[in-house]
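Everything in the sequence shown is counted per the numbering used here, starting at 112 for the first residue and increasing by one.
Every residue, glycine too, gets a C-beta built ideally from N, C-alpha and C.
Since the model is a prediction, treat every value here as computed from it, not as a measurement.
The structure appears below as structure tokens.
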Amino acid sequence: MSAQPKLVVPSSTALVEQQREMERLSSDGIGFHRLSMLLKELTGIYLNDSPKNRSLLVSRIASILRERKIKSLNDYYQVLRTTPAGSPEMAQFVSSMTTNTTRFFRESAHFRQLQAILPKILEQKENMHGADSSEIRIWCAASSTGQEPYTIAMVVQDELARLSPKKQWRLKLLASDIDRPSLRKAVSGLYMLQEIEGVPPEYLKKYFVPRVDTEVGKKYVIHPGLANKVTFTEINLTSQPYPMQKLFDVVFCRNVLIYFDRETAEQVVSNLGRVLRPGGYLFLGHSESGSMRHAEFETISHAAYRKKGGSK
Ligand SMILES: C[S@@+](CC[C@H](N)C(=O)[O-])C[C@H]1O[C@@H](n2cnc3c(N)ncnc32)[C@H](O)[C@@H]1O
């Protein structure tokens with residue numbers, strides 16, 4: 112008799128118990144309030160008190176509570192409060208609460224805009240001296256698992272070769288996030304076949320190396336020549352000052368301000384302005400243009416801005 116594969120389905124009693132446990136945890140209003148305030152303090156991410164947000168928080172941390180046999184939101188808060196900032200426990204809380212959705216060429220109009228402004232950036236470089244005249248400096252803040260900075264690197268690298276093939280440009284791309292597991296994946300540069308959907312075939316050919324992985328299917332790794340141009344590091348957008356010595360030509364900060372309250376989002380935009388050179392460009396997420404209330408920027412297209420000053 113041949114062995115039949117077994118489908119293991121949790122019993123309906125186990126599911127009902129799990130559901131009850133989630134409801135019990137969600138009913139801890141003080142615990143929710145304390146954890147959401149701690150989250151805001153650590154990351155800027157703001158969850159107001161609503162049934163939806165209580166379920167969101169509980170579902171994100173449920174496995175941590177189970178693993179560590181912690182019985183209530185308030186008990187978890189007490190554990191975290193006695194843990195030093197930056198500790199693995201704190202990083203695990205932050206990681207569980209961040210949303211890391213991203214993809215290659217997301218909100219693709221911005222990459223066409225980036226191609227369009229590159230000739231202006233190169234022109235501005237002609238009036239600069241020393242390293243600044245041949246270095247293009249871009250910061251991709253909140254870069255999640257790396258698809259966004261690698262997209263920027265592909266687009267800029269290609270456009271530089273087309274616009275100015277004779278000059279040796281140095282592309283320096285800093286990519287940062289608060290979430291350590293996302294940064295680890297970004298550094299690996301390894302993506303599953305379904306994650307590279309949407310990458311134009313010419314870029315795929317030039318900037319990805321196929322890897323066959325028999326257990327989980329086909330994977331692709333970013334070509335080392337492109338990966339070399341991107342440096343990943345942990346930066347919290349709500350902590351000041353940012354650890355940069357030189358100003359950037361372009362800053363991307365997309366789809367993270369939506370998780371902050373209005374005041375925090377506007378403060379982050381103002382902080383980003385401080386590390387952008389006059390005449391430099393800032394890209395926010397397509398639904399984040401409401402956070403741009405700063406007179407030092409002019410709009411160049413939807414959610415794309417130029418810092419005033421510098422040569423046009
Ligand atoms: C939805 S993803 C956006 C990724 C990418 N920018 C994009 O548009 O596809 C939001 C990212 O913001 C990061 N994040 C949240 N709060 C942050 C903070 N205070 N500082 C830096 N990154 C943060 C999260 O870890 C997450 O990877």
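Same chain only: Cβ atoms within 6 Å of residue 402, ignoring 5 sequence neighbours per side: Here residue 402 corresponds to residue number 291 of the sequence shown, with the count starting at 1. Taken in chain order, the residues that qualify are 368, 376, 377 and 380.
Inter-stretch contact at 8 Å, needing at least 3 Cβ pairs: the stretch 259-272 / the stretch 218-233: The stretch 259-272, when compared against the stretch 218-233, does touch it at the 8 Å Cβ threshold.
Cβ-based burial, residue 256 [other Cβ within 10 Å; buried from 16]: Here the question's residue 256 lines up with position 145 in the sequence shown. Looking at its Cβ environment, which holds 16 or more other Cβ atoms inside 10 Å, residue 256 is buried.
Option nearest residue 130 by Cα separation, candidates 144, 141 and 169: One-based indexing of the sequence shown puts residue 130 at position 19. Minimum Cα-Cα distance from residue 130 among the listed residues 144, 141 and 169 corresponds to 169.
Closest by C-alpha distance to residue 207, when choosing among 330, 365 and 176: As a working note, residue 207 is residue 96 in the sequence shown. Check the Cα spacing between residue 207 and each of 330, 365 and 176: the tightest is with 176.
Continuous alpha helix (DSSP H) stretch holding residue 176: start and end: Within the sequence shown, the letter at position 65 stands for residue 176. 162-178 is the extent of the alpha helix (DSSP H) around residue 176.
Burial state of residue 119, where buried means 16 or more other Cβ atoms lie within 10 Å: Indexing the sequence shown from 1 puts residue 119 at position 8. Exposed: under 16 other Cβ atoms inside 10 Å.
Residues bridged to residue 246 [DSSP beta-bridge criterion]: By 1-based counting over the sequence shown, the position of residue 246 is 135. DSSP lists 281 as partners of residue 246.
From 248, 253, 148 and 254, residue whose alpha carbon lies closest to that of residue 267: Here residue 267 refers to the residue found at position 156 when the sequence shown is read from its first residue. It is 248 whose Cα lies nearest to the Cα of residue 267.
Chain-order list of residues whose beta-carbon lies under 7 Å from that of residue 357 (same chain, five-residue window excluded): To locate residue 357, count along the sequence shown from 1; it is residue 246. Once the five neighbours on either side are set aside, the close Cβ partners of residue 357 are 248.
Check: residue 214 C-beta below 8 Å from any heavy atom of ligand 1: The count along the sequence shown starts at 1 and reaches residue 214 at position 103. For residue 214, the shortest C-beta to heavy atom distance toward ligand 1 is below 8 Å.
Runs of alpha helix (DSSP H) lying entirely within the stretch 304-347, each at least 4 residues, in chain order: Counting whole runs of 4 or more residues, the stretch 304-347 contains the alpha helix (DSSP H) stretches 312-318 and 335-338.
First through last residue of the alpha helix (DSSP H) which encompasses residue 410: For the purposes of this step, residue 410 is taken as residue 299 along the sequence shown, with counting starting at 1. Premise fails: residue 410 lies in the beta strand (DSSP E), 408-412, not in any alpha helix (DSSP H).
Separation of residue 383 from residue 155, as counted between CA atoms: Position 44 of the sequence shown, counted from the start, is the residue given in the question as residue 155. Position 272 of the sequence shown, counted from the start, is the residue given in the question as residue 383. Answer to the nearest angstrom: the Cα atoms are 15 Å apart.
Length at least 4, wholly inside the stretch 370-417: the alpha helix (DSSP H) runs in chain order: Counting only runs of 4 or more, we get 373-385.
Cβ-Cβ distance between residue 304 and residue 328 below 9 Å: Stepping through the sequence shown from its first residue, residue 304 is reached at position 193. Stepping through the sequence shown from its first residue, residue 328 is reached at position 217. Yes, the pair counts as a contact, with Cβ atoms nearer than the cut-off.
Within 9 Å, strictly: CB atoms of residue 191 and residue 143: On the sequence shown, residue 191 is found 80 positions in, with the first residue counted as 1. On the sequence shown, residue 143 is found 32 positions in, with the first residue counted as 1. No.
Beta-carbon proximity list for residue 295, same chain, < 8 Å, skipping 5 on both sides: Start at 1 with the first residue of the sequence shown, and residue 295 comes out as number 184. The same chain holds no residue with a CB closer than 8 Å to that of residue 295 once the five nearest residues on each side in sequence are set aside.
Residue 370: CB within 8 Å of a non-hydrogen atom of ligand 1: Counted from its first residue, the sequence shown places residue 370 at position 259. Yes - ligand 1 has a heavy atom lying nearer than 8 Å to the Cβ of residue 370.
Exposed unless 16 or more other CB atoms sit within 10 angstroms - verdict on residue 209: Taking the first residue of the sequence shown as position 1, residue 209 is located at position 98. By the C-beta density criterion, residue 209 is buried, having at least 16 other C-beta atoms within 10 angstroms.
Proximity below 9 Å, CB of residue 363 to CB of residue 298: On the sequence shown, residue 363 is found 252 positions in, with the first residue counted as 1. On the sequence shown, residue 298 is found 187 positions in, with the first residue counted as 1. Annotated as distal: residue 363 and residue 298, with beta-carbon spacing of 9 Å or more.
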